[in-house]
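Asks: Residue numbers (full-length UniProt numbering): 1 to 315.
Just so you know, even glycine gets a beta-carbon here, dropped at the ideal spot from N, CA and C.
Please read all numbers here as calculations on a predicted model, not as lab measurements.
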DNA sequence: AACGCGTGGCC
DNA sequence: TGGCCAAGCGT
């Protein structure tokens, strides 16, 4: 492998980005800081293709932070739809409230201020400051971590958790110029998403293939086996099914309907809109204990609200 | 510092 | 088919 100067890496990856980047709505001329922030919340652990329709409807409904802050949290949860991790909707709603309350209704333009908002961590703060405001920030997401691990580190995959050494490496690779640093961050992220993917990377299309330390080393296997995410039988699965019922319910659902298997259920027919999600919930054959525990967890997390009339999304 | 947290597409 | 994976965060 012929060592390639960092400046040339910048030029080649950004050049590739200019030619090949996807035309995503949060990058276009209609981009606002709020749109960037909404997209970053939705993209946390969620693929772009699933975010696109929800993002468009969300911004149409709530064009600015004050618009979202003015409605009940339950509205945010309902319009989050099936994006997953609904606590993100709750945090985005709370962040909108904090922006109205403490920042004059404008999305903060520094990473330090952004970090104080609920649901905004190291990555999202840096990403919003960079992509919404053109700031020079060390943006490190899972795509960037993987590209750096291969291109510079010679490893198949980054470590299981983000390390301080990785942050230093990312900072050392960042172009000095503000505008160029923004392009670099976006370009490396896009390279990781489209070419330098976790499985079956498209190395033949990579603009920096000849500079890749991992390829030069003969593409060694990962140092560890990634731990799978448990799903079947977990509280997480049950919580998801309960949220599905509550999202589609036109009225509060009484606790017994949620935690009792239909064969034991001697109640009148629940509202039509609830039937399908309810069947999905009870097909899980979760124990009453697990159903109760999961429901209590949702209430404790503020994702559901319990009143004498029954359980519903929070108001 | 591990762990819990939704959802669905992909090979 | 089912495990893996996706622009993380909070505790």
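(1) Just reading off the beta strand (DSSP E) that residue 311 is part of, what are its end residues?
(2) Identify, in the order they occur along the chain, each residue of the same chain with its Cβ nearer than 7 Å to the Cβ of residue 43, setting aside the five sequence neighbours on each side.
(3) How is the beta strand (DSSP E) around residue 307 delimited, first residue to last?
(4) Determine the extent of the alpha helix (DSSP H) in which residue 53 is found, giving its start and end residues.
(5) May I ask you to verify whether the segment 17–24 touches the segment 78–86, counting CB pairs closer than 8 Å and requiring at least 3?
(6) From the DSSP output, in three-state form, read off residue 253 for me.
(7) Hey, how far is the Cα of residue 307 from the Cα of residue 292?
(8) Span of the alpha helix (DSSP H) holding residue 99?
(9) Run the CB neighbour count on residue 134, radius 10 Å, all protein chains shown included, and call it buried at 16 or more, exposed below.
(10) Helix, strand or coil: which one does DSSP assign to residue 246?
(11) On the three-pair Cβ rule with 8 Å, is the segment 104–112 touching the segment 31–45?
(12) By Cβ distance below 6 Å, which residues in the same chain neighbour residue 102 in space, the five residues on each side in sequence not counted?
(13) Where does residue 65 sit, in a helix, a strand or coil, going by DSSP?
(14) Spatial neighbours of residue 74 within its chain, please: CB distance less than 8 Å, with the 5 preceding and 5 following residues excluded, ordered by chain position.
(15) Is residue 94 near the ligand SAM - that is, is its Cβ less than 7 Å away from at least one heavy atom of it?
(16) When you compare each of 130, 77, 188, 160 to residue 9 by their alpha carbons, which one comes out closest?
(17) Could you give the residue range of the alpha helix (DSSP H) that holds residue 75?
(18) Please report the straight-line C-alpha distance between residue 55 and residue 67, rounded to a whole angstrom.
(19) Mapping the DSSP letters down to three states, classify residue 22 as helix, strand or coil.
Replies: So, from the listed chains and residues:
(1) Walking along the first chain from the start, residue 311 turns up at place 311. Per DSSP, residue 311 belongs to the beta strand (DSSP E) from 310–312.
(2) To locate residue 43, count along the first chain from 1; it is residue 43. Same-chain partners within the cutoff: 51.
(3) The count along the first chain starts at 1 and reaches residue 307 at position 307. Run containing residue 307: 305–307, per the beta strand (DSSP E) assignment.
(4) Along the first chain, read from residue 1 onward, the residue named residue 53 stands at position 53. First-last of the alpha helix (DSSP H) with residue 53: 48–61.
(5) no
(6) In the first chain, counting from the first residue as 1, residue 253 sits at position 253. Three-state DSSP puts residue 253 in a strand.
(7) Numbered from its first residue, the first chain carries residue 307 at position 307. Numbered from its first residue, the first chain carries residue 292 at position 292. Roughly 16 Å separates the two Cα atoms.
(8) For this step, residue 99 is matched to residue 99 along the first chain. Looking at the DSSP string, the run of the alpha helix (DSSP H) that includes residue 99 is 87–102.
(9) Position 134 of the first chain, counting from 1, holds the residue named residue 134. With fewer than 16 Cβ atoms within 10 Å of its Cβ, residue 134 is classed as exposed.
(10) The count along the first chain starts at 1 and reaches residue 246 at position 246. Of the three classes helix, strand and coil, the one that applies to residue 246 here is helix, per DSSP.
(11) yes
(12) For the purposes of this step, residue 102 is identified with residue 102 of the first chain, where counting begins at 1. Contacts found: none.
(13) Translated into the one-based positions of the first chain, residue 65 becomes position 65. Looking at residue 65 - three-state DSSP - the assignment turns out to be helix.
(14) Along the first chain, one-based indexing puts residue 74 at 74. 305, 312, 313, 314, 315.
(15) This structure lacks the ligand SAM, and indeed carries no ligand of any kind.
(16) Numbered from its first residue, the first chain carries residue 9 at position 9. That would be 188, whose Cα lies nearest to the Cα of residue 9.
(17) The residue labelled residue 75 in the question sits at position 75 within the first chain. Looking at the DSSP string, the run of the alpha helix (DSSP H) that includes residue 75 is 73–80.
(18) Position 55 of the first chain, counted from the first residue, corresponds to residue 55. Position 67 of the first chain, counted from the first residue, corresponds to residue 67. Answer to the nearest angstrom: the Cα atoms are 15 Å apart.
(19) On the first chain, residue 22 is found 22 positions in, with the first residue counted as 1. Residue 22 falls in the coil class under three-state DSSP.
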